[in-house]
Amino acid sequence: MNVENLKANPKFTIFNVGCLSRLPLQAIQNQLSLDTFVCVRGLFKPDEIYAARERVCTRFNAQDDRKHDPKDAEALQGNFQKLVVGGTSGINSVPRLLRMFYNPMFAEDIFGMREIFQRLTQFRNLLYGLPKNFTCNGIENGMWTASRINHYPRGGGFMATHEDIGTINVSTQIGMKLYVQLLLMLTKKGVDFHEGGAYILINNEKYFFEEKCNLGDIVIYDGRVRHGVEDIDPSEMLDLSSFAGRHVAMCTLFKHFSKQNNDEEYNALMTQEVKVL
């Protein structure tokens, strides 16, 4: 697939799926090759997602925010509330403002999200052609699942246009031909936030796909396509003590590193997580 020659008016294909055992995997992969992104609906119910988000909101405390040193590979393998502000310097940095709640499957289930994260990971694995439960319970073959919630705060949360270099690197290393990311929608545009949101850049035009999404939808996109998040409700005052804004859940496959193997390979992957455009 040539991601530089996308159709000017892509089709936002929605696959309605009731359970993992009936996934139309080939049809999803075929559509991804045409439009580079699709939506899967039905694996998560809106009420289930709303209740999960409320649990996270109830437990949220801005005083738990921490800055993360990219050289500390092990910090993200536990419950870690990471505040990311800036990103205009460093190798392949990308400007952004967001909060990330890392909650790996082998850490304490502080949000009651374990079953949701596992189901999303199983879907990812089936899509990748991996064993269904690969990394669902820990580190396997040097890989682990970075299950997390990304929060783009009301009042300007954003991420500049970029490509997912880290995902591509990991996919290549384990022999996969797919370079896709999965976003589980925890909020709905027009209800939880009103301006901005995620987009795919197509022929230098921003395509805001979230306007067609519901709570519990999974959007799958090719990480090589330029994409980002436009300012969330930019006319509102920014309040980092508030949980308001845009939220998505992700279960990205990460390579395992420790303090013992914090070498050049680790530095290359961690500093090139994204490529700004």
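When we follow this note's numbering, the leftmost residue of the sequence shown carries the number 10, and every step to the right adds one.
Where is the CB? At the ideal position from N, CA and C, for every residue including glycine.
Remember, predicted model here, so these are calculated numbers, not experimental data.
**Item:** Spatial neighbours of L247 in its chain, beta-carbon cut-off 7 Å, leaving aside the 5 residues before and after
**Value:** Correct list, in chain order: P162, G164 and G165.
**Request:** May I ask you to list the residues that DSSP assigns as paired with S156?
**Result:** C260
**Asked** Taking buried to mean at least 16 other C-beta atoms within 10 Å of its own C-beta, is G205 buried or exposed?
**Response** buried
**Prompt:** Hey, would you say F46 sits closer than 9 Å to I229, going by beta carbons?
**Reply:** yes
**Message:** With three or more C-beta pairs closer than 8 Å as the rule, is the region 249-259 touching the region 187-206?
**Reply:** Flag = yes, the region 187-206 and the region 249-259 touch.
**Prompt:** Where does R31 sit, in a helix, a strand or coil, going by DSSP?
**Reply:** helix
**Message:** I need the straight-line Cα distance from C48 to G27, nearest angstrom please.
**Reply:** 14 Å
**Strand pairing of V49, partner residues [DSSP]** = Among the bridge pairs identified by DSSP, V49 is matched with F24 and I227.
**Request:** Identify whether K215 lies in helix, strand or coil by the three-state DSSP scheme.
**Result:** Residue state for K215 is assigned as strand, using DSSP reduced to three classes.
**Request:** Note down, in chain order, each residue of its chain lying with its Cβ closer than 6 Å to the Cβ of V189, except the 5 sequence neighbours on either side.
**Result:** I229 and D231
**Asked** G95 to R31, Cα distance in whole Å?
**Response** Roughly 42 Å separates the two Cα atoms.
**Prompt:** Do you know whose CA, among Q35, I119, L41 and L34, lies nearest T22's CA?
**Reply:** L41
**Request:** Indicate the three-state DSSP secondary structure (helix, strand or coil) for I209 in the structure shown.
**Result:** I209 falls in the strand class under three-state DSSP.
**Request:** Within 10 angstroms of the Cβ of L85, are there 16 or more other Cβ atoms? Answer buried if so, exposed if not.
**Result:** Buried, by the Cβ-count rule.
**Request:** Note the first and the last residue of the continuous beta strand (DSSP E) segment covering F110.
**Result:** For F110, the enclosing beta strand (DSSP E) starts and ends at R105 to Y111.
**Prompt:** Is DSSP giving V189 helix, strand or coil here?
**Reply:** Strand.
**Prompt:** What residues are listed by DSSP as bridge partners for K198?
**Reply:** F202
**Asked** Where DSSP assigns a beta bridge to L92, which residues make up the other side?
**Response** R108
**Backbone secondary structure at E149 - three-state DSSP** = Residue state, collapsed to three classes: strand.
**Request:** To the nearest angstrom, report how far apart F143 and N134 are at their CA atoms.
**Result:** Straight-line Cα distance between these residues: approximately 7 Å.
**Burial state of T130, where buried means 16 or more other Cβ atoms lie within 10 Å** = buried
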